[in-house]
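Below: one structure, written as C-alpha cells.
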Amino acid sequence: MPSSIKFTEDIEVRERRVRRAKHLRLSIDASGRVLLTRPFWVSKKAALNFLEEKRTWLEDRWRELSLRPESNFRRGGRAEYLRDKEATRVLVTERLNYFNQFYNYKINRIAIRDQRTRWGSCSKNGGLNFNYRLLHLPPELSDYVILHELCHLGELNHSPAFWDLMKKVMPDYLKRRQVLRKG
Ligand SMILES: [Zn+2]
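For the sequence shown, position 101 matches number 257 in the working numbering, and the numbering has no gaps at all.
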C-alpha cells in the first residue's frame with residue numbers, strides 16, 4: 157500500500173516506492189489523484205523538498221482540472237451524488253431567481269444532471285439543465301454558468317445580442333468565461 161501525504165486542504169499525494177525508477181516523478185490524473193513516484197534510493201526528505209518545489213505547479217494544475225465539467229474530483233457514491241444534486245438545485249434556484257429580477261423570463265423547468273461535458277445547457281423548449289457538480293465551482297463561476305443559461309431564454313444562440321444580455325447584469329462575464337474555459 158502506498159503511503160499518503162496530506163498536501164493541502166484538497167490535495168492528497170499518494171506515494172509509490174519504485175525500485176527501478178531513476179527520478180522522482182509527480183503526476184495528477186483526471187480524478188485529481190496525485191501520485192508521487194519515489195525510487196528506493198531517494199530519501200523521504202528529498203521527496204518532500206521536491207513536492208515543495210512543485211507546489212505552484214500542482215496547485216495550478218489541480219485547480220485547472222477541477223474546473224472541467226467532467227471533473228470527478230469529489231465524486232463519491234450514490235449518496236454524495238444525491239446530496240450534491242440537491243445542493244446544486246438549491247443554489248441554481250436561488251441564483252436564477254436573483255438574476256431573473258433583471259429579465260423576468262418565464263422559467264419552465266430546471267433539471268440537475270450528471271452531464272459529462274458541460275456545466276449547463278438550454279433546450280429548445282426552454283428547459284435549463286445544470287451539471288450536478290456546479291456547487292463545487294467558485295461562486296463567481298457558478299454564477300456565470302447560471303446567468304449564461306438564463307440568458308438563453310432571451311437568445312437561444314451566442315449572437316452579440318446574447319452577450320449584451322449577459323453584460324447587462326455581469327459586466328465582467330468575459331473574464332469569468334476565460335477562467336472557466338481554461339479548465
Ligand atoms: Zn450558451
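Glycine included, each C-beta is placed from N, C-alpha and C at the ideal position.
Taking the Cβ atoms as the reference, residue 189 lies roughly 7 Å from residue 170, within the contact range of under 8 Å.
Contact check for residue 302 and residue 251: beta-carbon distance about 5 Å, within the 8 Å limit, so the pair qualifies. With respect to the C-alpha of residue 210, the residue from 315, 184 and 235 having the closest C-alpha is 184. Nearest in C-alpha terms to residue 293, of all of 260, 285 and 227, is 227. Closer than 8 Å to some heavy atom of ligand 1: that describes the Cβ of residue 314.
The three-state secondary structure of residue 309, taken from DSSP, is coil. DSSP, read as helix, strand or coil, puts residue 198 in coil. In chain order, 180 place their CB closer than 8 Å to the CB of residue 202, counting only its own chain and leaving out the 5 sequence neighbours on each side. For residue 333, the secondary structure class from DSSP, reduced to helix, strand or coil, is helix. As for any beta strand (DSSP E) of minimum length 3 sitting wholly inside the segment 163-193, the runs are 168-174 and 181-184, ordered along the chain. Bounds of the beta strand (DSSP E) holding residue 286 are 283-287. With a beta-carbon spacing of about 40 Å, residue 195 and residue 287 fall beyond the 8 Å limit used to define contacts. Sorting 168, 244, 242 and 186 by C-alpha distance to the C-alpha of residue 207 places 168 at the top. DSSP, read as helix, strand or coil, puts residue 315 in coil.
Closer than 8 Å to some heavy atom of ligand 1: that describes the Cβ of residue 305. If the five residues before and after residue 318 are omitted, its C-beta is found closer than 8 Å to the C-beta atoms of 307, 308, 310 and 311, all from its own chain and listed in chain order. Contact check for residue 247 and residue 297: beta-carbon distance about 12 Å, past the 8 Å limit, so the pair fails to qualify. In this model, residue 326 and residue 332 are separated by some 10 Å (Cα to Cα).
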